[in-house]
Structure formats: structure tokens, C-alpha cells
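In what follows, a single structure is set out as C-alpha cells and then discussed.
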Amino acid sequence: MCVRQWPPVASEDSKINSLVDAASEGDRRSIARLLTLVERGGISAEIVAEATHPLAGKSHVIGITGAPGAGKSTLTAYLARDLAESYHKPAVLAVDPSSPLTGGAILGDRVRMEEASGAGAFIRSMATRGHAGGLALAVPGMVRVFDAFGFDPIIIETVGVGQVEVDVASAADTVVVVVTSGWGDAVQANKAGLLEIADLFVVNKADRPGAKDAKRDLELMIDLSQVTGQAVRRPEIIMTTATEGEGLDELQKAVSEHQQFLLQDDQISLRRSKRWKAEVSSRLEYLLLEISKNSIENIEENQSSPPNSVANELLKKLLNKDELH
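Positions in the sequence shown are counted from 1; adding 2 to them yields the working numbering.
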């Protein structure tokens, strides 16, 4: 099995270059087609990556994650709408298990996303179903497309708090973790993953009973996690009621302040360097996994040989190859 064909056929290269040229002129249909190519993966995704990488790196990327039902979609939609109305050029990548957007979101969230789109935000939904390990490759690539063509900020919204969602949210410059008043019982179970990636916390549905308790729980968790002498920025906690528009100005201000913090002492370069290495690692793991699958399918079965010995021999053969093909 070929992991990739390289160099690509000229017609494919030419087609994508034409899309890039049109996208550079602001053609949203061409941008959408480039996003689709990246999401599908394969040769075309690699060509898009080659074309967009030199153009990207200027936009602020915001990751929004949290437990299902926390109101992330409402918060994201209103935030994108307000940013668009204040002369920004936001894009939203909604990582949704049942994409397209109309398939997984409730009616109210769809309407709010449409309002954000109508205000000028670019809304794109991406299915997690069927991606498996490829998700870690597709999301940074799609963010890069938005970045290359001037969308700023770029918001990544994920659907839950599992490892996949944590990995995706960690592809952002600023990570916002959304919780609700009913989240207190799950704090201890979830804090390890969430506390490590959160730059900001949002207690949404702050008009409900228990919201102040949730904020207090978070403050205690943050206090316990602070390491003496470690130069880290304490995550701010914002209280919002997204459906009423309450707290959104404070959230925008907190996100902007975190961006300024990252720009100080070149913190953002350190964070993006770490992300770049993580993306290289994900790509390498993906390529090696695809090649190893092919090798296993084609080996002569000899169950008298210990599996570890067979695996070691296959690895030696792979490492002796001049290139991945």
C-alpha cells in the first residue's frame, strides 16, 4: 500500500494552486473546498499544507472545550457574532461527532451559528466520526487554511472533555474550558486533563443555582495546582449566561488579555513551537502506523515465531527504507 504518491500529479497541484489563488482574493467557496481537501486527508491535503504553511502563523487561535451541555455552542456562536460585528474576521471550526452542523446541533444553536455567519464569521463543522487518529492531523491543517487567508481569531469548538477533545483544544493559543453550575461533582474526576490545558475557565449558565459553588471549586483546584516558584499565569474565571449575552464582553477582554500575555517575552513562540513538534509527531505516528498495517497484512504468518521478534524484524526493514512510499 502506498501511504502517499509524491510528487503529486500536475493536474492536482494546478487545481489546488488555483483554489489558493482564489482563496487569497477572498473567495469563500474556494476556502471551503480547501478545507474539505484537508479534512479528507491524502495527497491533496499535503499539497494544501505545502501551499498554506508559508502564509499562516499570524492569527490568534482560541480553543473552547468542556462537558456536553455546558453551552459551548451558544457561547461560541455569540462570541463569533460579536467579534464579526466589531470588525474582526472570525472563523469557527466546530468539531462535532455528527457533522454536518445541522446534524448534531439543536435548533437554537443552529440559529445562533447562522446569525454569526450572517454577521461575517466563517463557520465550518467537522465530523469526528471516521477520523480516529487522523483527527489530530486534520484540525491543525484546517486551522492553517483559515489562518493563511486572514481569518482572525480562529475558534475551535470541541464537543466533550475526552482525550481527543483535549488534544484538539491544545492546538490553540488560548484554551477556554467551559463548565456549568452542575459540574462540581465531576471536578475531581476531570481536573487532571482540564486543569493542565485551561488558560481561562468559563462558568456558563451563571444564573442557575450552584454557579458560585462551581466557581469556588475551580478556584480551589487552581490554588492546589499552583507550583511555588513556577512562572505560570493563573487561569481567570469568567461568569457568563450566554443565552442572555451576559459576561461575553468580559470573556472577550480576558481572551485579549491572554493573547497579550502570550506576546510578552515571546511566550506565543514557545507555545507554537511545542504545537509544531506535536503535529510533526502526530504525522510521523500516522505514517508509521499506515506502513506497519500494510507490512502486517503482507507478512507470511508463522505463529511459531514470537510476535515481538516478528515486530522487531519488520521495524528493521522499515528503518532500512530510504523513504516512506
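Backbone N, C-alpha and C define an ideal beta-carbon position, used for all residues, glycine too.
Assign residue i to one of two classes, buried (16 or more other C-beta atoms within 10 Å of its C-beta) or exposed (fewer than that).
i, result
"V282", "exposed"
"K279", "exposed"
"N322", "exposed"
"N206", "buried"
"K217", "buried"
"V234", "exposed"
"L39", "buried"
"P56", "exposed"
"S32", "buried"
"A191", "Residue confidence is low: A191 scores 38 on pLDDT, short of 50, so the model does not pin down where it sits. Its coordinate-derived value is still stated next. Burial call: exposed."
"I298", "exposed"
"S46", "buried"
"L272", "exposed"
"D268", "exposed"
"S75", "buried"
"G110", "Model confidence at G110 stands at a pLDDT of 49, short of 50, so the residue's coordinates are unreliable; what they give is reported in the following sentence. With fewer than 16 Cβ atoms within 10 Å of its Cβ, G110 is classed as exposed."
By Cβ distance, which residues of its chain are closer than 7 Å to residue i, with the 5 residues on each side in sequence left out?
i, result
"G247", "Y80"
"D15", "I49"
"A256", "L202, E238 and I240"
"E87", "A121"
"S26", "F151"
"A200", "V177, V179 and P237"
"A174", "V63, I64, G65 and I158"
In the DSSP assignment, find the alpha helix (DSSP H) that holds residue i and state where it starts and stops.
i, result
"I45", "I45 to T54"
"R274", "Q269 to N300"
"E252", "L250 to L265"
"E221", "A213 to S227"
"S127", "Here S127 belongs to no alpha helix (DSSP H); instead the beta strand (DSSP E) covers F124 to A129."
"E41", "R30 to R42"
"V161", "Where V161 is concerned, there is no enclosing alpha helix (DSSP H), given that its DSSP letter is neither H nor E."
"E315", "P309 to L321"
Excluding the 5 residues flanking residue i on each side, which residues of the same chain have their C-beta closer than 6 Å to its C-beta?
i, result
"S119", "I125"
"P155", "H62, I64 and P92"
"G231", "Low local confidence applies: a pLDDT of 45 at G231 is under 50, so the model's placement there is unreliable, with the coordinate-based value given in what follows. So no residue of the chain qualifies."
"L21", "S32, R35 and L36"
Once the 5 residues before and after residue i are set aside, which same chain residues still bring their CB inside 8 Å of it?
i, result
"M128", "E41, L95, A96, V97, D98, S101, A140, V141 and M144"
"D209", "T243, E246 and E248"
"R30", "F124"
Which residues mark the beginning and the end of the beta strand (DSSP E) in which residue i is found?
i, result
"T176", "T176 to V181"
"L202", "L202 to V205"
"E238", "E238 to M241"
Which residue spans inside the region 62–96 form an unbroken beta strand (DSSP E) run of at least 3?
63–68
When you compare the region 300–312 with the region 195–203, are there three or more beta-carbon pairs, one atom per stretch, that lie closer than 8 Å?
no
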